[in-house]
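In my numbering, the protein residues as written are 4 to 263.
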């Protein structure tokens, strides 16, 4: 464990646990750096197939550490730009991790904590979880987590919750698309393990490609250029080793080599 983060790798699964419960797992400079580096390293670790993100204590993550924000008031514009870029790079590292990222939230997720969840691929929440984008109440915009949050919740819902700063519960988070499943608190670990098991059945290259394709399709203008691009990607995959193994395993009624 180092600077608020515990990294544990068991077989093909890496679990990142935020370990600053005494400050509600708030993101300070050290934790932002360590979390970013952890995702960057796991992204290229061939043995790791799934990344789980969770937290100790009653709060998932309270967003940016208030002490860090307070110190920034007296800092130069250059230092503030550097700090802001650190957070943006963290969100991008989570978002663009080629492995499935499964986040489990029990308790409150505020500000940057919501950003981490929005950057993850799959979010599981306990019934007790709550969420809020409270930056405007501190005189800030939530823009540093904007790309991920708007993609997860949509522009319309973001308008409401960015501007009001009000809390919403797990059911509302599910309705908005921020959360994929809501379970009883004592069933969260079971739901996590089941989701990890499902993710381990997918082909690693195909999963990484699927994440990239989702980004391309959601960001590109629909038309002939996009059609040619996705057709090219699909045709390349059909002659790849994973497709050959997947089809052979299906016909032979066995598990493919990558399935754990």
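Even glycine gets a Cβ: it sits at the ideal position worked out from N, Cα and C.
Going by DSSP in three states, residue i sits in which element: helix, strand or coil?
i           : result
residue 82  : helix
residue 47  : coil
residue 13  : strand
residue 100 : coil
residue 227 : helix
residue 145 : helix
residue 95  : helix
residue 163 : helix
residue 249 : helix
residue 195 : helix
residue 236 : helix
residue 118 : helix
residue 257 : coil
residue 203 : coil
What does DSSP give as the partner residues of residue i in its beta bridges?
i           : result
residue 64  : 112
residue 2   : This structure leaves residue 2 out entirely; the chain is present only between 4 and 263.
residue 107 : 127
residue 5   : 8
residue 21  : 8 and 58
Just checking my contact of residue i with residue j at CB under 8 Å: how many whole Å lie between their CB atoms?
i           : j           : result
residue 98  : residue 151 : 6 Å
residue 165 : residue 139 : 7 Å
residue 132 : residue 170 : Not really, about 11 Å apart at Cβ, beyond 8 Å.
residue 111 : residue 62  : 5 Å
residue 245 : residue 211 : That pair is no contact at about 11 Å.
residue 20  : residue 58  : 6 Å
residue 117 : residue 148 : 7 Å
residue 128 : residue 91  : Residue 128 to residue 91, Cβ: 25 Å. No contact.
Mind checking whether residue i and residue j have CB atoms under 8 Å apart?
i           : j           : result
residue 95  : residue 185 : no
residue 106 : residue 119 : yes
residue 115 : residue 66  : yes
residue 56  : residue 37  : no
residue 24  : residue 70  : no
residue 86  : residue 31  : no
residue 100 : residue 53  : no
residue 51  : residue 102 : yes
residue 155 : residue 121 : yes
residue 243 : residue 208 : yes
residue 191 : residue 109 : yes
residue 6   : residue 29  : no
residue 219 : residue 203 : no
residue 258 : residue 251 : no
residue 199 : residue 72  : no
residue 236 : residue 216 : yes
residue 104 : residue 124 : yes
residue 168 : residue 137 : yes
What first and last residue would you give for the beta strand (DSSP E) that runs through residue i?
i           : result
residue 129 : 125 to 129
residue 133 : 133 to 135
residue 54  : 53 to 58
residue 30  : Unbroken run through residue 30: none, as it is neither H nor E.
residue 185 : 184 to 186
Starting from residue i, follow the alpha helix (DSSP H) in both directions and report where the run begins and ends.
i           : result
residue 220 : 207 to 222
residue 181 : No alpha helix (DSSP H) contains residue 181, which DSSP labels as neither H nor E.
residue 189 : Residue 189 -> no alpha helix (DSSP H), and no H or E assigned at all.
residue 75  : 69 to 75
residue 150 : 149 to 156
Check whether the Cβ of residue i sits closer than 7 Å to any heavy atom of the ligand FAD, and report yes or no.
i           : result
residue 147 : Inclusion of the ligand FAD in the displayed structure is not the case, the ligand content being empty and no account of it being possible.
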